[in-house]
Every structure is written in C-alpha cells, then in structure tokens.
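Contents: one structure, followed by commentary.
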Amino acid sequence: MAQRIPQEVIDEIRGKTDIVEIIGQYVQLKKSGKNYLGLCPFHEERTPSFSVAEDKQIFHCFGCGKGGNVFNFIQELEGVSFPEAVEKVAELEQIPLQGAWKPSGEAVEGNSRQRQLIELHEKANELFHHLLVRTKAGVEALDYLLERGLTMELIEEFQIGFAPNERQFLVQVFENEAYDSELMKESGLFVQRDGGTFVDRFYQRIMFPIRNAQGKTIGFSGRLLKTEKFPGTDQPKYLNSPETELFNKRLVLFNFDKARSTIRKEGEVFLFEGFMDVIAAWQAGIKNGIASMGTSLTNQQLSAIERVTKELVICYDGDSAGIEATNRAIELLNENSRLHLSVVSVPEGRDPDEYLRKYGEEAFKELALHGRETVFTFKMRYHRVNRNLQNEKEQLDYIQDLLQELVSVASPIEQDMYLTQLSTEFQVSRESLQEQLRSLKQESRQQRRASRQRETFAPQAPAAPVDAPNVPLSLVEKAERILLYRIFNEQGVRNKLNMQNFQFAHDHYQEIYFLLEAFLEERSYFTLPEFLDFLKKEELRKIVIEIAYLPIGETSSEREIQDLMVVIGKASLADEIKQKKLLQQEASRNGNQQLELELAIEIINLTKQLKKPNS
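Quick note: to get the working numbering, add 63 to the position in the sequence shown (first position is 1).
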C-alpha cells in the first residue's frame, strides 16, 4: 500500500517551483502589474480573468472562482489526487523523487475509472510500439515508415506502433492480465461480438497514439498498412478510436502536448491537416505543429489554442481539396476566434509531407517560416480559381468578391495596400474601389445591427452563470476579510489578536482564524500556499484566495487594525443582543419573569457598550 508523501518532500518541491512557470506551460500569461493574466483553462472566456500572483505563488480566476496553489492547479486541470499533483509538479520541474513512499502510478488504492482507462491505453501503446520496432511482425510496417522518410528517432519520439493482422492480439494480453471486461469494453480498443467475446478494433494498421494535453495516451489513429490485404472490403484508410470517456475528437489536438511549450516560446502554432504532416514538420525543426482529428476546429480546440498563442499559421495540402479546406478554416477561424491568421501554400499541389520528402528539410523549413502569406493574399488566389479574368463580367465578380473580403480586414494600411493592387491590376480608379468598399461596410454594419435586434427580441432561455452570482459583502464582512489579510501578512497583528482573545462575527472567518492558529502551532511560520494545502474545505480555500487578492497595501497602521476590530466587535455585540432578545421572548412566553429580567439587564448593558465610540 502506498505511503503518504512526507511533508518535507512536498515542501521541498513547492520551494523549488515557480507557479508562473508551471501554469505558463498550460496558459499564455502576460504581465499585468505585479501579477500575470491569461485566459482561464477551467471555463471558456474571451477576456482574460485568470490571475497568477508570483509573489504569493497562487492563482485565482475572477470569472469562475477557481483558485489555489500550484498543486491545486494541477489537481483541478488534470483531475488527479493531491499526491499525483505533487508528483506531476516534480516531473515538470525535473525534481527527482526519492523515498519510501510509492509513486501514484503504481497501483494506488482508489484509482479512478479514467486512470484505469489511461493505463490500458498506455499499455496498448507500449505493445504496439514494441511490435513495430523490435519484432519480425513489424518489419513490413517499419520498412514502409522508413521509406516514407521517417527516422527511428521520429518513430521513437512519437511512439508510433503497429497492430498486427490478428483480431486477438490485445484481447489475449489483457484477458491474461485479468483486466475487467467492462473496462475493456469502455476503452474502445475492442469490439464486442454478439456472443460477448472481444476482438481487437485495430489490426494490420500503423498506430499513432493520440494523447491529451498532459501527454497521456487516450486513443489511437490507425493507418491501414496495405489496402490490397483487404480486397472487396470497405476498410477505411484511417481508423480512429471511438468516442469514449477519455477520447472526444472535438476536444483533442494531435501533438498539442508536445508542441505546447514551443508554441509559447515561438508565439505561434502551425495547423496541419494530417498526422504525417505534423511529424514531417517536426523532422524539419518545426516543433509547434498540431492537427485536428479529421474535423474542423471546434470552439473547445480554439479555446485551448488561444490560451497559449494569438498567432495561427494554416499549412494545409496544396491541391484543390486542400485549398478549399484552407478557405473553410479561415472562415471558421475568423468567425469564432480572435487568432491572427496567415497561410503557407505548399507548391505543386503537394501536401507538406510530400514536399519535405522531395525537397528536403531545409526547403520545407524555409517555406514554412518565410513562405507564408496574409489571409487576403490567399483570398486573391482563391477567388481566381476557375475564373477567366479576361472576361469583363468575371473581372467585376472577382473585384466584388475581394472587396467583400476586405470588409473584414481591420488594418487601414492593409486595406490601402490591397486597394492599390486591385486598382493597378485592373485599371480601375482607387476612388471608385474605396467608394464601393464603404458601401459594403455600411451594408455589413446594417446586417449586424439587424441580427443583434433579432437576438434581442427573440425568446431566449436564461444563460447559466459560470458560478452563482456574487452577493455584495456587508461592511462587517469586508472588515473581517481585510483583518484576515493583515493577519496573514503581519505577525504583529496576529500577536495583538491573540492577546485580546478576539472573535470574528461570522463563523467561516472564525473557522479560518482557528485553522490558522492550528497551522502555526504545527509549522511556526506562515506561507499562503502551504496554508491552502492545510485547509480541507473548498469553500474556505476560496475565501482565503479572494482575501489574498484584496487590492490593499502590504502594511497596516495601529489605527486601521483598531477600527477593523471595532467594526467586527460591534457586529458581534449586535448579534449577541439579537440572540438575547430571542431568549427574552421565550422566557416571557414561559412565564419566567426572573430570567426575563436578567436578560433585559444584559441587553441594556450590551446596547450601551454597542453605542460607545471605539467600543
């Protein structure tokens, strides 16, 4: 059975970790004052509300309320336990873990179904890869990949494998290891026949593992090795894992886990059509390439991309189908994202992989880095296809289409440049083009206005808030939060309150104060990230993080602390008076005149105390 990770190990990892560096591997962060801002990874948003405080080593989203220290971030993002989060942070920071406790990956009790499914996929991937590179069964597939220009280093890097032409290969392995049949069914790696027996879903295929953003195998895409092996069948060239608890093709981006750090470093991402294009680009030194799973980019995938970069380069196939796909991608991205787009058009109708194999790595890298064009330049080529521009009507249609495209070009300089190009090429006055563009812009504004009005008057279901709406804090609660902020940051304030046996007016603040005292008895020093680990209740952690983000000065005055204590103390007195009045009413109903009189005297004395200034 796994042992608890020693506190000194946790403290060592935390002490060697910078939360900005860790979160920066998942979220594009920009300095804003003394903190860093980015798009929240826990809910969809367009305006950054996710803050990371480097000095406090905590994070907080002002939109959805998520917050905590570096371990809490990994727990929330990856859905893992606290020990697993500690282990993941150590891995990211390359801190060696030593000790008698067992790492979380080794049969820890209470593993979730999701982790068991990941374990199944990781084991399958190991088997496929071993079969490809170390057995006779994989020789034909390995030769094919090497002929395609892949190196052994690339095959290892992407852990490419091979599923043999046997329907019982994986079944026998997992049944021999006594894997649960229900788990096997849920994994998507097997097909269950009418009799209840399993057969492998993937066979006679080169296997590309699909990983989530954390680098865990969650599915596969299998490329048929040779179609002639299956005459008369409708076996698809590529076969993906079905939708499972782990694998949703609307959420997954191929190679995003490996490319993310380079995307952040380079400030841009290359979007390719296929896995082989991504791998070819990697071979040429372009390590910030990704591909969707055979579908148009979804809002969820766009959100993941936008969290790490604002620049996207489309590099699809250069044939007519690829050009159409590029145009569709541009339309989708312009409508649903704020990404700045550019296009790499692969010459000779080739796909990126073919171009690299014919002209070499340096030529492909030169094309990708220096052969890109603006979206409008691509549109100029796109609208020329199948048009005879010697024909006057087709000329006019072409110019009209391009002016319509110019409506969405925000930069006045770009607009001016393209209008000049059109004017020169077709001998049309620049003024007439400008006038037509103004007319199209006005028409576009009117359409948007009409659309907004329709949305305004159309019956709509109430939008679900990201979180419950914030109830404005009372004056007393504001005072309690400020006082706790001072307690967290100033030893002198803690000492003063201890000597006066101070009580907070609200139970949750009093509980935080009690827990702080217990924490200090155990540690003898205070750090916010460690205190967050000490708190077990999520609602208390949320309050502490909100307090930590209060926009107030770091040091206090004696007058400020005294004023805060007075506000809170009077609230406590008012609450005590209220409680005694209720007891007095009950004593009156019961005919207990003696108790009623005693309570009346206490209420009078408390009321006098409440009315005293600075009481």
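We put the beta carbon where it would ideally sit given N, CA and C, even for glycine.
Legend entry - Residue nearest to Arg323 in terms of C-alpha spacing, selected from Thr358, Gly278, Gln566: Working through the sequence shown from its first residue, we reach residue 323 at position 260. Taking only the C-alpha atoms, the option nearest Arg323 is Gly278.
Inset, instruction - Go through the region 446-501 residue by residue and report every complete run of the alpha helix (DSSP H) that reaches 4 residues or more, in order. - result: For the region 446-501, whole alpha helix (DSSP H) runs of length 4 or above, ordered along the chain, are 455-469, 475-489.
Inset, instruction - Return the CA-CA distance between Leu209 and Asp380, expressed in angstroms with no decimal places. - result: Along the sequence shown, read from residue 1 onward, the residue named residue 209 stands at position 146. Along the sequence shown, read from residue 1 onward, the residue named residue 380 stands at position 317. Leu209 and Asp380 have their C-alpha atoms roughly 22 Å apart.
Inset, instruction - Would you identify the three-state DSSP class for Gln70, choosing helix, strand or coil? - result: Counting from 1 along the sequence shown, the entry for residue 70 is found at position 7. Reduced to three states, the DSSP call for Gln70 is helix.
Inset, instruction - Measure from the C-beta of Phe335 to each C-beta in chain D and report whether the shortest distance is under 8 Å. - result: Protein chain content of the structure displayed is limited to a single chain, and chain D is not contained in it.
Inset, instruction - Verify whether the separation of the beta carbon atoms of His184 and Ile281 is less than 8 Å. - result: As a working note, residue 184 is residue 121 in the sequence shown. As a working note, residue 281 is residue 218 in the sequence shown. In contact: His184 and Ile281 (Cβ atoms closer than 8 Å).
Legend entry - As assigned by DSSP and simplified to three states, the class of Asn399: Against the sequence shown, residue 399 aligns to sequence position 336. Helix, per DSSP.
Inset, instruction - Could you give the DSSP three-state label for Ser405: helix, strand or coil? - result: Numbered from 1 along the sequence shown, position 342 holds the residue referred to as residue 405. Strand at Ser405.
Legend entry - Under the three-state DSSP convention, the category Arg117 falls into: The residue given as residue 117 occupies position 54 in the sequence shown. For the record, residue 117 in the displayed sequence is Glu; it is not Arg. Three-state result, Glu117: coil.
Legend entry - Nearest-angstrom Cβ-Cβ length linking Glu107 and Ser366, presumed shorter than 8 Å: As a working note, residue 107 is residue 44 in the sequence shown. As a working note, residue 366 is residue 303 in the sequence shown. With 8 Å as the limit, Glu107 and Ser366 qualify as a contact, their Cβ atoms being about 5 Å apart.
Inset, instruction - Tell me whether Gly555 counts as near the ligand PLP, meaning its Cβ is closer than 7 Å to at least one heavy atom of that ligand. - result: Ligands in the displayed structure: none, and consequently the ligand PLP is not present.
Legend entry - Span separating the alpha-carbon of Ala241 from that of Met247: Mapped onto the sequence shown, residue 241 falls at position 178. Mapped onto the sequence shown, residue 247 falls at position 184. When rounded, the distance between both Cα atoms is 10 Å.
Inset, instruction - Quick one: measure Cβ to Cβ for Leu375 and Leu395, integer angstroms, because I've assumed they're closer than 8 Å. - result: Against the sequence shown, residue 375 aligns to sequence position 312. Against the sequence shown, residue 395 aligns to sequence position 332. With 8 Å as the limit, Leu375 and Leu395 do not qualify as a contact, their Cβ atoms being about 11 Å apart.
Legend entry - Ile76 in three-state terms, based on DSSP: In the sequence shown, the residue the question calls residue 76 occupies position 13. Three-state result, Ile76: helix.
Legend entry - Exposure label - Arg652; buried when at least 16 CB within 10 Å: Residue mapping note: residue 652 aligns to position 589 of the sequence shown, counting from 1. Taking all protein chains in view, the Cβ of Arg652 is surrounded by fewer than 16 other Cβ atoms within 10 Å, so the residue is classified as exposed.
Legend entry - C-alpha gap between Met443 and Val407, whole angstroms: Taking the sequence shown and counting its residues from 1, one reaches residue 443 at position 380. Taking the sequence shown and counting its residues from 1, one reaches residue 407 at position 344. Cα to Cα, the separation comes out at about 14 Å.
Inset, instruction - Assign Pro227 to one of three DSSP states: helix, strand, or coil. - result: Working through the sequence shown from its first residue, we reach residue 227 at position 164. DSSP, read as helix, strand or coil, puts Pro227 in coil.
Inset, instruction - Check Lys93 in the structure and name its three-state DSSP category. - result: In the sequence shown, residue 93 corresponds to position 30, counting from 1. In the structure shown, Lys93 sits in a strand (DSSP, three-state: E or B).
Legend entry - His446 burial status per 10 Å Cβ neighbour count (16 or more: buried): Here residue 446 refers to the residue found at position 383 of the sequence shown. Residue environment analysis places His446 among the buried positions, since at least 16 neighbouring C-beta atoms fall within 10 angstroms of its C-beta.
Legend entry - beta strand (DSSP E) runs wholly inside the region 337-415, at least 3 long, in chain order: Runs of the beta strand (DSSP E) inside the region 337-415: 352-354, 374-378, 403-407.
Legend entry - Minimum C-alpha distance to Leu194 - residue among Ser175, Pro227, Phe221: Position 131 of the sequence shown, counting from 1, holds the residue named residue 194. Comparing Cα-Cα distances from Leu194 to each of Ser175, Pro227, Phe221, the minimum goes to Pro227.
Inset, instruction - Inspect the beta-carbon positions of Arg134 and Val152 and report whether they are closer than 8 Å. - result: Here residue 134 is taken as the residue at index 71 of the sequence shown, counted from 1. Here residue 152 is taken as the residue at index 89 of the sequence shown, counted from 1. One point to set straight first is that residue 134 is Phe, not Arg, in the sequence displayed. In contact: Phe134 and Val152 (Cβ atoms closer than 8 Å).
Inset, instruction - Can you grab the Cα-Cα spacing for the pair Val72 / Ile137, in whole Å? - result: Translated into positions along the sequence shown, residue 72 becomes position 9. Translated into positions along the sequence shown, residue 137 becomes position 74. So the two alpha carbons sit approximately 17 Å from each other.
Legend entry - Three-pair Cβ contact test at 8 Å for the region 547-567 versus the region 575-588: Contact holds: three or more Cβ-Cβ distances are below 8 Å.
Legend entry - Bridge partners - Val607, DSSP secondary structure assignment: Residue numbering aside, residue 607 sits at position 544 when the sequence shown is read from its first letter. Beta-bridge annotation (DSSP): Val607 is not paired with any residue.
Legend entry - Cβ neighbours of Glu574 in the same chain (closer than 7 Å, five flanking residues each side left out): To locate residue 574, count along the sequence shown from 1; it is residue 511. The residues are Leu603.
Inset, instruction - Using alpha carbons as the reference points, say which of Tyr207, Phe271, Phe597, Ala187 lies closest to Glu238. - result: In the sequence shown, the residue the question calls residue 238 occupies position 175. Distance from the Cα of Glu238 is smallest, within the candidate group Tyr207, Phe271, Phe597, Ala187, for Ala187.
Inset, instruction - Pick helix, strand or coil for Ile158, following the three-state DSSP scheme. - result: As a first step, residue 158 is located in the sequence shown; it is residue number 95 there, counting from the start. In the structure shown, Ile158 adopts coil according to DSSP, grouped into three states.
Inset, instruction - Kindly confirm or deny that the region 140-147 and the region 624-632 touch, where touching means at least three C-beta pairs closer than 8 Å. - result: In this structure the region 140-147 does not touch the region 624-632; the number of beta carbon pairs closer than 8 Å is below three.
Inset, instruction - For the region 343-363 and the region 312-327, state whether three or more C-beta atom pairs, one from each stretch, are separated by less than 8 Å. - result: These segments touch.
Legend entry - Rounded C-alpha distance that separates Ser619 from Asn399: Here residue 619 is taken as the residue at index 556 of the sequence shown, counted from 1. Here residue 399 is taken as the residue at index 336 of the sequence shown, counted from 1. Rounded to the nearest angstrom, the two C-alpha atoms are 47 Å apart.
Legend entry - For Gln255, three-class secondary structure by DSSP: On the sequence shown, position 192 is the one that residue 255 refers to. If DSSP states are grouped into helix, strand and coil, Gln255 belongs with the strands.
Inset, instruction - Indicate whether Ile223 and Phe265 have their beta-carbon atoms separated by less than 8 Å. - result: If you number the sequence shown from 1, residue 223 lands on position 160. If you number the sequence shown from 1, residue 265 lands on position 202. Contact check for Ile223 against Phe265 fails: the beta carbons are separated by 8 Å or more.
Inset, instruction - Please name the residue, chosen from Leu419, His123, Gln157, Val90, that lies closest to Arg77 on a Cα-to-Cα basis. - result: By one-based count along the sequence shown, residue 77 stands at place 14. Gln157 is the residue among Leu419, His123, Gln157, Val90 whose C-alpha sits nearest the C-alpha of Arg77.
Inset, instruction - Measure the alpha-carbon distance for Gln497 versus Thr307 and round it to whole angstroms. - result: On the sequence shown, residue 497 is found 434 positions in, with the first residue counted as 1. On the sequence shown, residue 307 is found 244 positions in, with the first residue counted as 1. Between Gln497 and Thr307, the alpha-carbon positions lie close to 53 Å from each other.
Legend entry - Three-state secondary structure assigned by DSSP to Ile281: Numbered from its first residue, the sequence shown carries residue 281 at position 218. Note: Ile281 maps to strand in three-state DSSP.
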